[in-house]
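Number of protein chains: 2
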Amino acid sequence: MSPPLSPVRTRNAAATRTAILEAARRRFAHEGYDQTGLRDIASDAGVDAALISRYFGGKEELFEEVLTCGPNIAEFLDGDRDSFGERVAQMLAVEPMREEKFELFLIMLRSASSPKAAEAIRRHSHDAFYQPLETWLGGDDAAVRARLLSCVMMGATMNRVIHEDYLLDGQQRQELCEALARTLDNYVSGPV
Amino acid sequence: MSPPLSPVRTRNAAATRTAILEAARRRFAHEGYDQTGLRDIASDAGVDAALISRYFGGKEELFEEVLTCGPNIAEFLDGDRDSFGERVAQMLAVEPMREEKFELFLIMLRSASSPKAAEAIRRHSHDAFYQPLETWLGGDDAAVRARLLSCVMMGATMNRVIHEDYLLDGQQRQELCEALARTLDNYVSGPV
DNA sequence: CCTAGAAGTCACCAACTGATGACATGGCCC
DNA sequence: GGGCCATGTCATCAGTTGGTGACTTCTAGG
Numbered sequence: 002m003s004p005p006l007s008p009v010r011t012r013n014a015a016a017t018r019t020a021i022l023e024a025a026r027r028r029f030a031h032e033g034y035d036q037t038g039l040r041d042i043a044s045d046a047g048v049d050a051a052l053i054s055r056y057f058g059g060k061e062e063l064f065e066e067v068l069t070c071g072p073n074i075a076e077f078l079d080g081d082r083d084s085f086g087e088r089v090a091q092m093l094a095v096e097p098m099r100e101e102k103f104e105l106f107l108i109m110l111r112s113a114s115s116p117k118a119a120e121a122i123r124r125h126s127h128d129a130f131y132q133p134l135e136t137w138l139g140g141d142d143a144a145v146r147a148r149l150l151s152c153v154m155m156g157a158t159m160n161r162v163i164h165e166d167y168l169l170d171g172q173q174r175q176e177l178c179e180a181l182a183r184t185l186d187n188y189v190s191g192p193v
Numbered sequence: 002m003s004p005p006l007s008p009v010r011t012r013n014a015a016a017t018r019t020a021i022l023e024a025a026r027r028r029f030a031h032e033g034y035d036q037t038g039l040r041d042i043a044s045d046a047g048v049d050a051a052l053i054s055r056y057f058g059g060k061e062e063l064f065e066e067v068l069t070c071g072p073n074i075a076e077f078l079d080g081d082r083d084s085f086g087e088r089v090a091q092m093l094a095v096e097p098m099r100e101e102k103f104e105l106f107l108i109m110l111r112s113a114s115s116p117k118a119a120e121a122i123r124r125h126s127h128d129a130f131y132q133p134l135e136t137w138l139g140g141d142d143a144a145v146r147a148r149l150l151s152c153v154m155m156g157a158t159m160n161r162v163i164h165e166d167y168l169l170d171g172q173q174r175q176e177l178c179e180a181l182a183r184t185l186d187n188y189v190s191g192p193v
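Which chain is which? The protein sequence lines are A and B, in order. Under the numbering used here, the letters of the first sequence match residues 2 to 193, in that order. Under the numbering used here, the letters of the second sequence match residues 2 to 193, in that order.
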């Protein structure tokens with residue numbers, strides 16, 4: 002599927018670990034937990050599959066490690082508060098989905114139905130998404146606002162995953178982006 | 002998992018087909034395509050697993066049949082246009098998720114990551130969700146409005162699936178419901 | 001009552017998965 | 001240079017899955 006990430010790597014445990022983690026993250030994001038086999042990850046990382054179980058304990062532990070060492074919501078929270086909606090909407094509706102920013106969403110969406118992965122996702126999506134978002138929002142109804150934001154972000158990603166944007170042309174995507182931005186900004190600072 | 006749906010059924014092909022379809026729909030909705038085995042469905046339907054392949058051709062064909070014979074968006078489109086937001090938001094945020102109305106969403110969310118099921122989902126979600134919704138909305142920007150509605154509906158369902166509502170209490174859920182209703186109604190008839 | 005064929009069951013297959021223990025190999029320190 | 005241990009590979013296992021063909025059993029029609 003992918004070219005090897007670290008072409009030169011000679012018996013360097015740390016580098017091998019990283020290569021496995023990166024390969025796993027990409028696989029989990031683009032195919033989901035169930036559809037990703039240890040042999041796939043190993044092949045991408047240029048490593049024998051047995052090594053993964055030895056390094057991480059097993060597939061589930063690898064998945065947890067991928068979640069905890071990966072990107073989180075902080076990226077979206079950086080920057081001007083007033084342009085939050087526009088920044089996020091741009092990513093959700095316009096930017097190509099292969100972006101790394103998407104990986105967290107994709108992993109959650111594509112793996113949430115696997116019982117083995119569900120608990121890790123639930124925990125991580127709370128700790129590395131909801132909680133920071135809620136704190137960033139502040140105020141009494143931060144929890145509800147965070148949920149509303151999450152609904153739109155998740156739903157927009159889900160729709161792109163299912164339909165791969167076949168249904169909307171560039172113009173419509175632009176309109177979608179603007180509408181999403183308004184909704185998001187409203188959830189951030191408007192009346193709930 | 003579930004009690005047999007048709008306790009008395011003696012060599013009645015049509016009834017057996019229906020029993021299999023119902024069992025499959027529930028399984029696919031609550032566990033997803035990958036996690037559901039033909040043996041699980043057969044067990045729920047009180048039938049031998051071999052019968053499923055013989056009746057439907059295979060798991061993929063069964064899945065397609067479940068989608069096409071199941072509920073669609075029409076249920077949400079019935080009733081007063083002005084109360085659309087409230088009705089849908091009520092379902093999304095308040096009503097128990099075991100409701101049959103949810104099954105279409107759950108099937109899509111929980112099975113979208115399976116390549117075998119993805120194409121059927123894409124097609125069905127277009128034919129039995131987007132298209133009717135777009136027609137119902139009407140107007141030049143119906144496609145964009147349909148997408149916006151879909152984002153919120155999908156996202157809200159996704160969040161409930163992941164977090165099972167642990168994060169919100171009754172009061173917050175009520176606030177969430179009202180906010181969702183406003184957003185949905187705005188997408189239906191407000192300025193996009 | 002009896003048989004033909006539908007309805008349902010059983011045993012089994014090949015493919016795949018995650019995992020494990022035995023083995024090979026290369027780099028580092030003395 | 002030589003041995004040791006971390007690093008990596010190989011063969012293989014047990015479990016599960018979807019699928020298939022041969023078999024049994026029950027019902028309907030004569």
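Ideal Cβ placement from N, Cα and C applies to all residues, glycine included. Predicted, not measured: the structure shown is a model, and the values here were computed from it.
Is P116 of chain B helix, strand or coil by DSSP?
In this structure, P116 of chain B counts as helix in the three-state DSSP scheme.
Review point. Would you say the segment 19-28 of chain B touches the segment 61-75 of chain B, given that touching needs at least three Cβ pairs under 8 Å?
Key: yes
Q. Which value, in whole angstroms, describes the spacing of the CA atoms of A94 of chain B and T19 of chain B?
A. 31 Å
Taking the alpha-carbon positions, what's the L134 of chain A to I21 of chain B distance? Each residue's alpha carbon lies about 44 Å from the other.
- Task: Give every residue of the same chain whose Cβ lies closer than 8 Å to the Cβ of R88 of chain B, excluding the five residues on either side of it in the sequence, and list them in chain order.
- Result: The answer, listed in chain order, is F77, G80.
(Q) Below 8 Å on C-beta distance, what does N195 of chain A contact in chain B? (A) With chain A covering only 2 through 193, there is no way to say anything about residue 195 of chain A.
Discussion item. Let me see if you follow: with CB-CB separation under 9 Å, is L169 of chain B close to chain A or not?
Written reply: Cβ-Cβ to chain A under 9 Å: yes for L169 of chain B.
Item to check | N- and C-terminal bounds of the alpha helix (DSSP H) containing P133 of chain B | outcome: 132-138
Inset, instruction - Have a look at B:K60, B:F85, B:L52, B:S54 and flag the residue whose alpha-carbon is nearest the alpha-carbon of M154 of chain B. - result: B:F85
Measuring only the C-alpha atoms, how far is L39 of chain A from K117 of chain A?
14 Å
(Q) Using a 10 Å radius around the Cβ and a threshold of 16 neighbouring Cβ atoms, would you call D45 of chain B buried or exposed? (A) That one is buried.
### Message
So with CB distances below 7 Å, who are the chain A contacts of E176 of chain B?
### Response
D142, V145, V193
Query raised in the report: P116 of chain A CB to nearest chain B CB: under 9 Å?
Result: So yes, P116 of chain A belongs to the interface.
* Asked: Is there a Cβ from chain A that is less than 9 Å from the Cβ of I122 of chain B?
  -> yes
Quiz item: Can you list, in chain order, the residues of the segment 90-111 of chain A whose Cβ is nearer than 8 Å to any Cβ on chain B?
Solution: M109, L110, R111
Please list, in chain order, the chain B residues whose beta carbon lies closer than 7 Å to that of S126 of chain A. I163
Report task. Would you verify that the beta carbon of D35 of chain B is, or is not, closer than 9 Å to some beta carbon of chain A? Result -> By this cut-off, D35 of chain B is an interface position.
ask   = Of all Cβ atoms in chain B, is any one closer than 9 Å to the Cβ of E23 of chain A?
value = Under the Cβ distance rule, E23 of chain A does not count among the residues neighbouring chain B, no pair being separated by less than 9 Å.
Item to complete: Return helix, strand or coil for N187 of chain B, following the three-state DSSP convention.
Response: helix
Q. The alpha helix (DSSP H) spanning I53 of chain B covers which residue range?
A. 50-57
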